[in-house]
Each structure stands twice: as C-alpha cells, then as structure tokens.
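> Got a structure here, written out as structure tokens. Questions coming.
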Amino acid sequence: MIKPRTVALMILLPLATLYASLFIGRFAVHPGEVARILLGQFLPIPHDWPRSVETIVLQIRLPRAILAMFVGAGLAVSGAAYQGMFRNPLVSTDILGVTAASGFGAAVALLLSQNLIALQIIAFAFGLAGVGLTYLLARVYRSTPVLMLVLSGVVVAAFFSALLSGAKYVADPESKLPAITYWLLGSLNAASVTSLKMALPPIIAGSIGLLCMRWMINVLSMGDEEARALGVRTEWLKGGIIVCTTLITAAAVSVCGIVGWVGLVIPHVGRMLVGPDHRALLPASLSIGATYLLFIDYIARTASASEIPLGILTAMIGAPFFAMLLRKTRGSWE
Amino acid sequence: MSAPLIEVRGAAFSFGEHAVFGGVDLDVYSGEVLTILGPNGCGKSTLLRCIGGALALARGTVHLENVDLSTLDARARARKIALLFQDHSPSFPYPVLDVVSMGRTPYLSAFGAPSAQDIAIAEEALEQVGMSHLKKRPYTDLSGGERQLVLLARTLAQQPAVILLDEPTAHLDFKNQVRSLRQIGALAERGVTMIMTTHDPNQAFLFPGRAALMRPGGSLTVGPPPKVITDESLSAAYGIGVSVLSVGRPDSGGELKFCTPWYNWPHKN
Amino acid sequence: MSYLRRHGILACSLCIALAQGSAGAAPDTRQVTDAAGRHVAIPENVTRVADPWHANNAMVLMLGGAAKLVATSVQAKSQPWLRRLYPPIGAIPAAFNASGDLNMETLIGARPDVILMAYDGSLPKWFGAVDSAYQIPVVLMPNTSLDGLKTTALLTGEVLGSDELAVAREFVRYFDDNIQRVMQVTGKLSPNARPKVLHTSSPGILTADGRQTVIDDWINIAGGVNAATVAGNARPVTMEQVAAWNPDVIIVGSAPNPQNRQAILDDPRWRGINAVKNGKVFVNPSGAYLWDRHSAEAALQVLWAAKLLHPAEFAGLDVVKETKLFYARFFHYELSDAEVASILNSTPP
Chain A
1 MIKPRTVALM
11 ILLPLATLYA
21 SLFIGRFAVH
31 PGEVARILLG
41 QFLPIPHDWP
51 RSVETIVLQI
61 RLPRAILAMF
71 VGAGLAVSGA
81 AYQGMFRNPL
91 VSTDILGVTA
101 ASGFGAAVAL
111 LLSQNLIALQ
121 IIAFAFGLAG
131 VGLTYLLARV
141 YRSTPVLMLV
151 LSGVVVAAFF
161 SALLSGAKYV
171 ADPESKLPAI
181 TYWLLGSLNA
191 ASVTSLKMAL
201 PPIIAGSIGL
211 LCMRWMINVL
221 SMGDEEARAL
231 GVRTEWLKGG
241 IIVCTTLITA
251 AAVSVCGIVG
261 WVGLVIPHVG
271 RMLVGPDHRA
281 LLPASLSIGA
291 TYLLFIDYIA
301 RTASASEIPL
311 GILTAMIGAP
321 FFAMLLRKTR
331 GSWE
Chain B
335 MSAPLIEVRG
345 AAFSFGEHAV
355 FGGVDLDVYS
365 GEVLTILGPN
375 GCGKSTLLRC
385 IGGALALARG
395 TVHLENVDLS
405 TLDARARARK
415 IALLFQDHSP
425 SFPYPVLDVV
435 SMGRTPYLSA
445 FGAPSAQDIA
455 IAEEALEQVG
465 MSHLKKRPYT
475 DLSGGERQLV
485 LLARTLAQQP
495 AVILLDEPTA
505 HLDFKNQVRS
515 LRQIGALAER
525 GVTMIMTTHD
535 PNQAFLFPGR
545 AALMRPGGSL
555 TVGPPPKVIT
565 DESLSAAYGI
575 GVSVLSVGRP
585 DSGGELKFCT
595 PWYNWPHKN
Chain C
604 MSYLRRHGIL
614 ACSLCIALAQ
624 GSAGAAPDTR
634 QVTDAAGRHV
644 AIPENVTRVA
654 DPWHANNAMV
664 LMLGGAAKLV
674 ATSVQAKSQP
684 WLRRLYPPIG
694 AIPAAFNASG
704 DLNMETLIGA
714 RPDVILMAYD
724 GSLPKWFGAV
734 DSAYQIPVVL
744 MPNTSLDGLK
754 TTALLTGEVL
764 GSDELAVARE
774 FVRYFDDNIQ
784 RVMQVTGKLS
794 PNARPKVLHT
804 SSPGILTADG
814 RQTVIDDWIN
824 IAGGVNAATV
834 AGNARPVTME
844 QVAAWNPDVI
854 IVGSAPNPQN
864 RQAILDDPRW
874 RGINAVKNGK
884 VFVNPSGAYL
894 WDRHSAEAAL
904 QVLWAAKLLH
914 PAEFAGLDVV
924 KETKLFYARF
934 FHYELSDAEV
944 ASILNSTPP
C-alpha cells in the first residue's frame, strides 16, 4: 500500500513541526532550552531556566501547538471523509451547516458576556444542533439521500448565517461586535490546557471513528445503490460518518472559530501523495492537516505584533492552491 | 428437475400509483442462465432488482435455498446474491484490484478491511475474467468493456449463489459485447447460476438455461429458448414483425438460431 | 378697479406676505467651526439636539443641556449610570443604532436643530444623506486624544448655548487643573520609574489598546508607559506577545469589567506576567460613561490612574472624595459611598 518511507514522513513531519513551533515566535527561545524544559517535566534535571520562559513554552505555546495539530488533523480527515461520502471534490466540512450553527452559538455566548468555557460549550452544542436539524430535514422514507443532505445543509447554514447577522446587528460596536467579528475569523488564541481538555476528546473520538470506517467509505463512494448491493448498511454508515465529522468540526469551531479551506484542500493534497484509497488517505490527511495548521499558526502569531486571524491565512493560501489544483487536474479526480 | 434454487411467488411491485408488475411466479434452477426478455417498460429490470433485494416487493416472496430473502439483512443477502448494474458512474480512480476486493465486503465486519486472503480471492476472480494484467490500473482509465469485466470479477469475488446481470451488454460496442458474452458463457460452463435481463432476444440462445419472455403487467412465459422465442411470441411481445431463423454453424456444424425483425420500409421499390 | 388689477394686487401682496413669512421662519444662524474644519451654520438658539455619539451624551448632560436632547443612540440609552443620573433618557428615541446606522424617520420626527458627532478622520455613513438631502447641520468633534476631549467639551458647549458654554469652560479648567496636579509629580518621573501598563478587553478575545489613543494619553499623564507597542484601539494580540511585553499593571476596560478581570486571574497562561504575580490587575471604573474612553469623567480617570500607578506619591489623593465632588459639581448628584464604590468597580447602580 503506502511506502514505509512515506509512513515515516507522515509521522515525523507533524512532530517536527510541533517541536519547532515551541521555539519559533516573537519571544525567542532556544531549541535546546525547549528540549530541556520538556524533559524537565518528567526527568529530575535542574530547572535552570526562567519561570517566564517555562510559562511561555508550556502554558502558552504547547497547548496552542497541540490544538493546532488536532484541529488541522481533524478538519482534514473530516473533509476527506465527506468528499468520499458525497462523491464530490468540492465538498468541505461546512456542508451540513455545522460551522454556521456553531458560529452563531459563539456569537450568542459573546453577546451574553459568557466566559470562554461557556462559549465553547454553547458553540459546540449549537454545532451539533445545526447538523441534527439538517439530518432531520433530509429524512425521506427512512433514508437520507445525499442530495437531500446537501440541500438541507444549505438551508440550515443560510438560516444560521441570517441569525448570526442579526446577532452582529444588535451587538455593541465598542466591545461585543469586534469580539464576534474577530472570533469568527478564526484564532488559536483561546488555546489553554482547559480548552484542550474540552476540545480534544471529541476530535480524537471522531477521528478514530472515521479511521475505523476507512474501507467502508471506499465502498460507499461507489454509490449508495452499489454499496447496498455489496452488503453495506449505507444509512448507518452515513449516519456514523456524519456523527464523527460533526463532533470534530463542532469542537474545532467552538475553540478556534471558523477555519476554512483545510477540509477542502488537504484531502486533495493527500490524494496527490498517497492516492484515493481512503485506507491510506484518511491517515495521510491527519498528518498533512496537522502539519499545515501548525505552519499557518507560525505565520499567524509571528508575522506581526497583532495576530493575523487563521481564517484569513488559510483562505489566502488555500484558495490559490485550489485554483492551481483545478487547472492541473482539469476537474477530474486524478 | 431438482428443487429450484430461487422461487419467486406472487411478486408484485409499483412505483407509487403505477403498478409495474403483479402476480409473477418464477423458478430458477442451479447452474442455469435464465434470460429475461421483454420490451422496454415491461418491468424486467425492476423484477431483477426485486429479486436481488435492491428494491422491496409490494407483495409476494423470494426464496433462495428455501430462505425468505426479506428476512436477511444486507450483508447476508450480499453473500448469496451479487448484482451487476448497468448504470454506473465511477468517481475515484481506485486501482482495479481494490474495486474487485470490494466484492469481499459482505464478509467483512463493520470496521474491517480486506485481509490477505480476501485479496487473494479477488485476484483469482480477476484471473477468471482474464483481466489480471490490469490489476494496478486506475479503474477510471479503463474502457467500458474492461470495466464491465472488472465488475463481473467483483461479483465473482462475492462468491454468491447466483449472479444477477441487468442488461450487461447495453452500453458496449460490438466487440465488447461479444467479449462480455463469452465471459458469461465461460462462467455458465463452470456452473455459475445467473439471471440476466436483455433487450436482445438472441442472447437467450447462447447459454444453457431457459428463457422468460415478459409482457407489461408481469405475465411470463418461461421455458427452453426455442419454445419461448418464436415468431409469434416475439411479434406479439414487441409489436413488430420478427422471424426466428435457423442456420448451420460454419465452425461446429450445429444449429444456430437467431432473430431478425422485418424491416418494412415505407416506400418499397 | 379692473378685474385684472385687483387680482394682480392680491397676487403681489400674497407673494410679499409669503416672502416675509419665509424670511421670518428662517431663524438667525451662527457659524461654528468643527473638527473637520467645516464651517457649519446652526440656529442662533439651539433647542433640539441629536447626539448619536454615546460618550457625548453624558457630556451634554454635564453641561446642562440634557433637556435639549431629542434623539440619541441605543448604547447611550443602555448606559446604567446615565439612566440613573438622567432618567428621562429612557424616553428619548434612539435614532442611531449599534453599527452607526441611522433611522431617518425617527431622526426627522425628532426635528433636531443640530447633530453632534464624533470625528476620527472619516465621515459617518449617514453623513451624506443628512447633510445634503435633509440639510440638518452636523457638528463633528474630535475623539482620539484627551486634548481633543477638551475641544469636544467646548464645541458641545458652543453649540448648545451660552450657559452650557460657560459650564464647558469651567469643566476644561477643572480638567486642566487635574492634569496639572498629576503632571507635577509624574512629569518628574524617570523612564524607569514608569510602570508598563496594559489596557485590555475581555481575555477570550485578547486585545490591547495601543499608541495614539485616548488611553495612551492618560497612561502617560498618570506616570506610566503603554506596554502595548501596537497603534490604535482594541488591536488583537496573541498571548505570546503579551508575555513578551510583560506589563507591570493590567487595567481591564471592557464590560463586564469585574468578570473579565477575574478571568485573567484564573487563567494559567497569565500567571507568568508581572502584573498578575504582583496582584496588580485592576478594573477600570465606569459611570455615566466608561472613564477610560472618551468620557467627561476622563477628568477623574487621570486622578484614579495616577493614584493606581504611584500610590506613594499620591497618598493625599482621595479618589472617592474627588468622585463625589465631581458628580456634585457637574452632574448635580450626591453620591452615596455605595454608589461611588459601584462606579469605581464598574458595576451598575
């Protein structure tokens, strides 16, 4: 299947990027010092570094980098699973409305001046509710045809977008409105050990679920009718994929706002490297997505004193890249 | 004759208000190739899909080896019956071997993937249809005829009791039609039970097994092809003049029957 | 008299009467020069004022012109202390909303003589319509520095009338006195003695207020230096950047201030910062408007901030007493101790 060399690269690259992100930043820290700080958490070596540096590495950079990895990996693998399920290269994780609903939830939480933890819970809940609504809308005679899912997703997303506009309209322009606007553009600044504890479990659970279904996604991608003829319980499988991807995406949006173009572009990069077989593609997407978002985060927090929102960077890099892909493949899957 | 492999009793199906067929009784015996003919819209594809479990009958039962198919879940059914559809739009360029390995899915657990043994079975199926040389090629690179054979290999990998083929030669050119039919014939010779719908009455004469001529509403005339396919029956069924002719085979000396319609041009000189 | 002549005279008289009438309807006007350098013609006697600038409503109240307010903004109406000081504001229609949009019908219905508005270099969205189509005079006032605040006070007073202008002059004198009082001490401080001050909003959406703002001004006057090296209000920054700046004092200035301050104290990522280690995280007071932004109470802000940053040098400065005096003198309101505490702690009355 995949060459061992590629496997090694897929494991090492995100870890190396993670390590690098601990010493790259506006506050200079030496790579060696980072290594000692990390080791010093487990081994009894003398703590000869300043406390402030330790706080920066362990409390500020490490949670942020871990969050970037998991969000990037989760969004990428979700995008790959959806592209297989919907048999469409233009599908991203937003298609069933989880992003719009989650964004609205976050806006509501900000309007009510909720603290960060409450905001994440509310945004997550709204994300799940949005997809639930889409699924119910798409039910036709005990099945959920793919076309109905897409159309319902469009409707639900539009609905929550309208509500979001309403929330922005009533928000106080001195404090609430900039907070909402900025949050929606996407940022990893909320990363802390607490947010990790809340966001990681759903992302990990969803990713493991999708990995378990890798082969079945291959079969599903041949078409609902064919998959059923091959003994696949397509309704359960689709439901399972939707549950896993929604867990991942809602958790990601609730903790770092709207980060687009990852679920859309990374699976295509994965296909270029390991082929369309989802047994290889899903793990590859995890790895490439993690590395990609870590890299984007470097730029977000180092390019200027003011943080550049993630969503802007992923769009600025993702859109031209996708345009190039389109030209190269001329619209076919290869 | 021994007990039928498949027994269809009182089958009826409607699309909404419109009744497609009703009161269909059919037996299929092990080792035969049952060819179902009939004009467009008589319901032969629908009947095939009902037997295969892709559609649910409004009334009636289908028994396979004395087991009522409606009691089986999708996986158990897929181990007994394999379907070859005519409409097929591939999206991803999976390697041919992967496509054939999908035939092993009914034997996998919910989170499983094909084992080395499953892949061996898939390779053997590919060998049987003579497509082994293409096993690493992307499926989307193949021509229509080659894809047909790969899908046929996939049904073989399912190791079913019966293969249902829905107009297998419908979209193929002349050469690929022959190629396909030859493969089906080779499988028939090995004793694989098949039910095949076709728009070409000639195909019923090619394989060991009976023919079933279906008329709109569901009435079936089943029997040996020479008995079922006659001038009168075809003309009545298709509504055009048809002659069934016999010629001597140039290669083996045996008899070859074929049908030809009367082409009545409006202005006859 | 012939038919024609009689009607001719009637017509002429009618015309003259109309001309007189319209001339009499046009009030005498005076000219003010606003912050954008425009010469605006406003009525001699201004009795109806629209004030979409939330901060300025408190200024209008302080100058004694609140009775002339006929239209205001949604934010101003929801300022809890402003409602306490001037309950009738609840009944004044809000013609301007959160995002600066204008409800033209409400505004026209209020028939204002003049509109007072903030000016930071760009004209408000509704300016074109109001100015050319409806011809309501708009007076633009500066809002990016403390000096500008004094100009605003004087301009507002000038527009409202001579009584209000007198109060405005008194206010500016008071303001200058306060600044003088503080600068006497802080003007002599060496750069090392000036603590680094970070003024921020809610930590979930981490922002810092940087150079070239009102906040920068009062930090400097109060004897501190702005830890944020960015320029402008509410710039988003990363936690890492804040750690690099390592401020000595943190002032939380965005509602709800007390909860946001607590969130900073609870958040483990802030623990390494000097200010948190030394327990110097404070809530910015807010009364008729937020003291730290363009409020009339900026006059108190400089006192409060100076005392905060240099308690030893300002031991004799009693902020509670000063607040009571200010409110009594300018808002004509006697504050109880509990009410002062509430203002200083930025909680509603």
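Residue numbers (the numbering used here), protein chains in the order written: chain A, 1 to 334; chain B, 335 to 603; chain C, 604 to 952. Built from N, CA and C at the ideal position, the CB exists for glycine as well.
Report the residue from D277/A, A290/A and S221/A whose alpha carbon sits nearest the alpha carbon of A252/A.
Checked all of D277/A, A290/A and S221/A; the closest Cα to A252/A is A290/A.
> Taking only three categories from DSSP, how would you classify D500/B?
Strand.
> Mind listing the chain B neighbours of G231/A? Cutoff is C-beta to C-beta under 9 Å, in chain order.
Under the 9 Å cutoff, chain B gives D407, A408, R409, A410, R411, A412, R413, T439, P440, Y441, L442 and Q492.
> Can you list, in chain order, the residues of its chain whose CB lies under 6 Å from that of A73/A, leaving out five sequence neighbours each side?
Excluding positions up to five away in sequence, the list reads L286, G289 and A290.
> Are L460/B and Q482/B closer than 8 Å when you measure CB to CB?
Contact: no.
> Step through the CB atoms of chain C and report whether any lies within less than 8 Å of the CB of R214/A.
Chain C, which has no Cβ nearer than 8 Å to the Cβ of R214/A, makes this no.
> By Cβ distance below 8 Å, which residues in the same chain neighbour S514/B in space, the five residues on each side in sequence not counted?
Taken in chain order, the residues that qualify are G479, Q482, L483, L486, P502, T503 and L506.
> Could you tell me the alpha carbon to alpha carbon distance between D940/C and I818/C, rounded to whole angstroms?
The alpha-carbon atoms of D940/C and I818/C are separated by roughly 27 Å.
> Determine whether the Cβ of Q815/C lies closer than 8 Å to any Cβ atom of chain A.
For Q815/C, the answer is no, since every Cβ of chain A falls outside 8 Å of its Cβ.
> In angstroms with no decimal places, state the Cα-to-Cα distance between T709/C and L920/C.
Straight-line Cα distance between these residues: approximately 46 Å.
> Determine contact between the segment 520-528 of chain B and the segment 348-355 of chain B, defined as no fewer than three beta-carbon pairs at a distance below 8 Å.
No, because fewer than three Cβ pairs between the segment 520-528 of chain B and the segment 348-355 of chain B fall closer than 8 Å, the two stretches do not touch.
> Given a limit of 7 Å on CB to CB distance, which residues of the segment 226-258 of chain A reach chain B?
The segment 226-258 of chain A vs chain B, Cβ under 7 Å: E226, R228, A229, L230, G231, V232 and R233.
> Just the C-alpha distance for P427/B and L112/A, rounded to the nearest angstrom, thanks.
Roughly 50 Å between the two C-alpha positions.
> For the segment 69-98 of chain A, which residues have a CB atom closer than 8 Å to at least one CB atom of chain C, in sequence order?
Within the segment 69-98 of chain A, no residue has a Cβ that lies closer than 8 Å to any Cβ of chain C.
> If you drop the 5 nearest sequence neighbours on each side, which residues of the same chain put their C-beta closer than 8 Å to that of R26/A?
Same-chain partners within the cutoff: R301, T302 and A305.
> Using Cβ-Cβ distances below 8 Å, what residues of the segment 127-160 of chain A are close to chain B?
Against chain B - using a Cβ distance shorter than 8 Å - the segment 127-160 of chain A contributes no residues.
> Quick one: is E307/A near chain C, going by C-beta distance under 8 Å?
It does: the Cβ of E307/A has a partner Cβ on chain C nearer than 8 Å.
> Within the segment 506-586 of chain B, note down every full beta strand (DSSP E) run reaching 3 residues or more, in order along the chain.
Runs of the beta strand (DSSP E) inside the segment 506-586 of chain B: 527-532, 545-548, 554-557 and 576-582.
> Check whether chain A comes within 8 Å of H935/C, counting only Cβ atoms and requiring the distance to be less than that.
Output row for H935/C: interface = no.
> Flag this pair as yes or no: are the beta carbons of V923/C and K910/C separated by less than 8 Å?
Their beta carbons are not under 8 Å apart, which means V923/C does not touch K910/C by this criterion.
> Starting from the C-beta of V828/C, find all residues in its chain whose C-beta is less than 8 Å away, skip the five residues before and the five after it, and write them out in chain order.
Excluding positions up to five away in sequence, the list reads P794, R797, P798, K799, V800 and I822.
> Quick check on this structure: which residue in L763/C, W873/C, Y892/C and Y737/C has the alpha carbon closest to the alpha carbon of W848/C?
The candidate whose alpha carbon is nearest that of W848/C is W873/C.
> If you reduce the DSSP assignment to three classes, tell me which class G209/A lands in.
Reduced to three states, the DSSP call for G209/A is helix.
> Check distances from the C-beta atoms of the segment 874-889 of chain C to those of chain A and list, in chain order, the residues that come in under 7 Å.
The residues in question are R874 and G875.
> In chain A, what lies closer than 8 Å to D432/B by C-beta?
Here the neighbours are N218 and D277.
> Report buried or exposed for S187/A, applying the criterion of at least 16 other Cβ atoms within 10 angstroms of its Cβ.
It counts as buried.
> Give, in chain order, every unbroken run of the beta strand (DSSP E) that is at least 3 residues long and sits entirely within the segment 343-373 of chain B.
DSSP runs (the beta strand (DSSP E)) wholly in the segment 343-373 of chain B: 352-362 and 367-371.
> Three or more C-beta pairs under 8 Å: does that hold for the segment 123-138 of chain A against the segment 93-104 of chain A?
They touch, by the three-pair rule.
> On the DSSP bridge assignment, give the partners of E589/B in chain order.
G582/B, per the DSSP bridge assignment.
> Looking at A811/C: is its Cβ nearer than 8 Å to the Cβ of N115/A?
Cβ atoms of A811/C and N115/A: not closer than 8 Å.
> In the DSSP assignment, find the unbroken beta strand (DSSP E) run with Q634/C in it and report its ends.
Per DSSP, Q634/C belongs to the beta strand (DSSP E) from T632 to T636.
> Does the structure place the segment 265-282 of chain A close enough to the segment 409-420 of chain B that three or more beta carbon pairs sit under 8 Å?
The answer is no - the segment 265-282 of chain A does not touch the segment 409-420 of chain B, with fewer than three Cβ pairs under 8 Å.
> Please confirm whether V98/A and S195/A have their CB atoms less than 8 Å apart.
Their beta carbons are not under 8 Å apart, which means V98/A does not touch S195/A by this criterion.
> When you compare only the Cα positions, how much space is there between A284/A and M85/A?
Each residue's Cα considered, the two are about 17 Å apart.
> Among G40/A, I11/A, R36/A and R64/A, which residue has its Cα nearest to the Cα of L293/A?
That would be R64/A, whose Cα lies nearest to the Cα of L293/A.
> Would you call the segment 432-451 of chain B and the segment 219-237 of chain A in contact, with 3 or more CB pairs under 8 Å?
At 8 Å Cβ cutoff, the stretches touch.
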